[in-house]
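Following: one structure in structure tokens, then a few remarks.
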Amino acid sequence: MKKYNFLTVILLGITLIGCGDKNKGENSLFTIDDSAFPAHFTQKEPLTIGILNPNSKEIDSVAYFINDLRVGSTKGATDFRIELLDQKLGYQYLKATVYFGGDSSDATKRIELVSDIEPKLLKYKIVNTFAHDKKAFTEGLEFYNDTLYESTGQEGASFVKKYDYKTGKVFNQIDLDKQYFGEGITFLNGKLFQLTYKNKKGFIYDAKTLKLEKTFDYEKDIEGWGMTNDGKNIYQTDGTEKIWKVDPATQKMVGYINVYSGNSKIKAVNELEWIDGKIYANVWFKDAIAVVNPNSGAVEQILDLSALRKTMNDVKSDDALNGIAYNPKTKTIFVTGKNWSKMFEIKVSE
Numbered sequence: 001m002k003k004y005n006f007l008t009v010i011l012l013g014i015t016l017i018g019c020g021d022k023n024k025g026e027n028s029l030f031t032i033d034d035s036a037f038p039a040h041f042t043q044k045e046p047l048t049i050g051i052l053n054p055n056s057k058e059i060d061s062v063a064y065f066i067n068d069l070r071v072g073s074t075k076g077a078t079d080f081r082i083e084l085l086d087q088k089l090g091y092q093y094l095k096a097t098v099y100f101g102g103d104s105s106d107a108t109k110r111i112e113l114v115s116d117i118e119p120k121l122l123k124y125k126i127v128n129t130f131a132h133d134k135k136a137f138t139e140g141l142e143f144y145n146d147t148l149y150e151s152t153g154q155e156g157a158s159f160v161k162k163y164d165y166k167t168g169k170v171f172n173q174i175d176l177d178k179q180y181f182g183e184g185i186t187f188l189n190g191k192l193f194q195l196t197y198k199n200k201k202g203f204i205y206d207a208k209t210l211k212l213e214k215t216f217d218y219e220k221d222i223e224g225w226g227m228t229n230d231g232k233n234i235y236q237t238d239g240t241e242k243i244w245k246v247d248p249a250t251q252k253m254v255g256y257i258n259v260y261s262g263n264s265k266i267k268a269v270n271e272l273e274w275i276d277g278k279i280y281a282n283v284w285f286k287d288a289i290a291v292v293n294p295n296s297g298a299v300e301q302i303l304d305l306s307a308l309r310k311t312m313n314d315v316k317s318d319d320a321l322n323g324i325a326y327n328p329k330t331k332t333i334f335v336t337g338k339n340w341s342k343m344f345e346i347k348v349s350e
């Protein structure tokens, strides 16, 4: 088994995703010629589109679109070349509008754009081990002003606390109403943002006092999972392969990326942490962290933390690794899991 495949299996235990139904959405007048299409495309590969014209219509011109955005046109039925460098990973929807004899007809095709990056395996060493509240169903973990904050899930047991990770002393704690299942948190612009799981609501608190200032509704019909930020925008997950980019001032979603490791979609992306320009992401039920390029969604590195579970004899199989907090002063990462009895401070290297 190749190293590349082995690392991807750490993240997913994956199945490769194909292009889907090649003929879906095509009409009888014209079709996009996919005879030379590979199973998957990468951003480095240009795409050449040709039109099949089984009825020998006299074609005047063809306009080409990717995801409904016009990218160019040709006279007659000349092949058209499209660069894919600026397209996000995931499914792309091609359309060719063919003009002929004063009429027009659309031909469509779906392709899948995947990552051409081979993830590297990161190394780590344990710097410290601390006791962790075994009852804490960890959903979010983050440092703010040198102090650790943690959010937890489960209806009737969800809270956000500010505490001393060395002693366990709690400085401040807010308990969510029992109807809410708490999820990820992040600090930005003097505010603490928090998601809920299936309630489609989020909360904004004053970062110093943890006083609730605002409740907001999700813009889309999605679940709330993990959160982080780059100092300007918030990033959040929804249990799929997507990482959404959110405007913190309006809570509006302004974009997203799809997370891929090679040809494989990485679903169930969970807790997030922004570290040195990359997104470190837990993958639900995997004892590993994917290091994701925030612009493309490509997994560039993998941190296999399966050995941490073996240091505890009181962790169940469904007690997932979850919780990533970066301490910029020490340049170390704190990791734990749902109902884990330990939290680990680790130093990561290539």
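So that you can map any letter, position 58 of the sequence shown is 58 in the UniProt record's numbering, and since no number is skipped, the others follow by simple counting.
Just so you know, even glycine gets a beta-carbon here, dropped at the ideal spot from N, CA and C.
What residue range is occupied by the uninterrupted alpha helix (DSSP H) comprising residue i?
i: leucine 192; result: That residue, leucine 192, is in no alpha helix (DSSP H); its beta strand (DSSP E) goes 191 to 196.
i: serine 151; result: No alpha helix (DSSP H) contains serine 151, which is instead part of the beta strand (DSSP E) from 147 to 152.
i: glycine 306; result: The residue asked about is misnamed: residue 306 is serine in this sequence, not glycine. Taken as a continuous stretch (DSSP letters only), the alpha helix (DSSP H) holding serine 306 covers 306 to 309.
Since residue i and residue j are thought to touch, with beta carbons under 8 Å apart, how far apart are those beta carbons, to the nearest angstrom?
i: valine 127; j: isoleucine 346; result: 6 Å
i: alanine 207; j: tyrosine 144; result: 6 Å
i: tryptophan 340; j: valine 315; result: 6 Å
i: tyrosine 180; j: valine 170; result: In fact, because the Cβ distance is near 20 Å, the residues do not count as touching under 8 Å.
What does the alpha-carbon distance come out to for the pair residue i and residue j?
i: tryptophan 225; j: glycine 184; result: 6 Å
i: leucine 188; j: asparagine 313; result: 37 Å
i: threonine 336; j: leucine 195; result: 19 Å
i: lysine 214; j: arginine 110; result: 41 Å
i: isoleucine 324; j: glycine 140; result: 7 Å
i: tyrosine 280; j: glycine 297; result: 11 Å
i: tryptophan 274; j: valine 348; result: 14 Å
i: isoleucine 51; j: lysine 342; result: 60 Å
i: tyrosine 218; j: tryptophan 244; result: 12 Å
i: glycine 190; j: phenylalanine 130; result: 28 Å
i: leucine 89; j: proline 294; result: 11 Å
i: leucine 47; j: glutamine 92; result: 12 Å
i: lysine 125; j: isoleucine 333; result: 10 Å
i: isoleucine 204; j: threonine 152; result: 16 Å
In the DSSP assignment, the beta strand (DSSP E) including residue i goes from what residue to what residue?
i: serine 61; result: 59 to 66
i: serine 104; result: 103 to 114
i: glycine 262; result: Here glycine 262 belongs to no beta strand (DSSP E), and DSSP marks it neither H nor E.
i: glutamine 87; result: Element bounds for glutamine 87: n/a, residue is neither H nor E.
i: tryptophan 244; result: 242 to 246
i: isoleucine 346; result: 342 to 349
i: isoleucine 289; result: 288 to 292
i: tryptophan 225; result: Premise fails: tryptophan 225 is in no beta strand (DSSP E) and is neither H nor E.
i: residue 403; result: Outside the displayed span of the chain (1 to 350) sits residue 403, for which this structure offers no information.
Are there 16 or more other CB atoms within 10 angstroms of the CB of residue i, so buried, or fewer, so exposed?
i: valine 246; result: buried
i: valine 254; result: exposed
i: proline 328; result: exposed
i: proline 119; result: buried
i: glutamate 241; result: buried
i: aspartate 318; result: exposed
i: aspartate 238; result: buried
i: threonine 186; result: buried
i: aspartate 177; result: exposed
i: lysine 220; result: exposed
i: alanine 77; result: buried
i: glutamate 350; result: exposed
i: glutamate 150; result: buried
Say yes only if the C-beta of residue i is nearer than 7 Å to one or more non-hydrogen atoms of the ligand NAP, and no if none qualify.
i: lysine 162; result: No copy of the ligand NAP occurs in the structure displayed, which carries no ligand at all.
Using a C-beta cutoff of 8 Å, does residue i count as contacting chain D?
i: proline 46; result: Of the protein chains in the structure, only one exists, and it is not chain D.
Stretch pair the region 91 to 111 + the region 262 to 280: three plus CB contacts closer than 8 Å: Contact between the region 91 to 111 and the region 262 to 280 is absent, because fewer than three Cβ pairs lie under 8 Å.
Would the region 130 to 137 count as touching the region 68 to 82 if we require 3 or more Cβ pairs under 8 Å? The region 130 to 137 and the region 68 to 82 do not touch, with fewer than 3 CB-CB distances between them shorter than 8 Å.
Pairing CB atoms from the region 295 to 307 with CB atoms from the region 146 to 157, are three or more of them under 8 Å? No, the region 295 to 307 does not touch the region 146 to 157.
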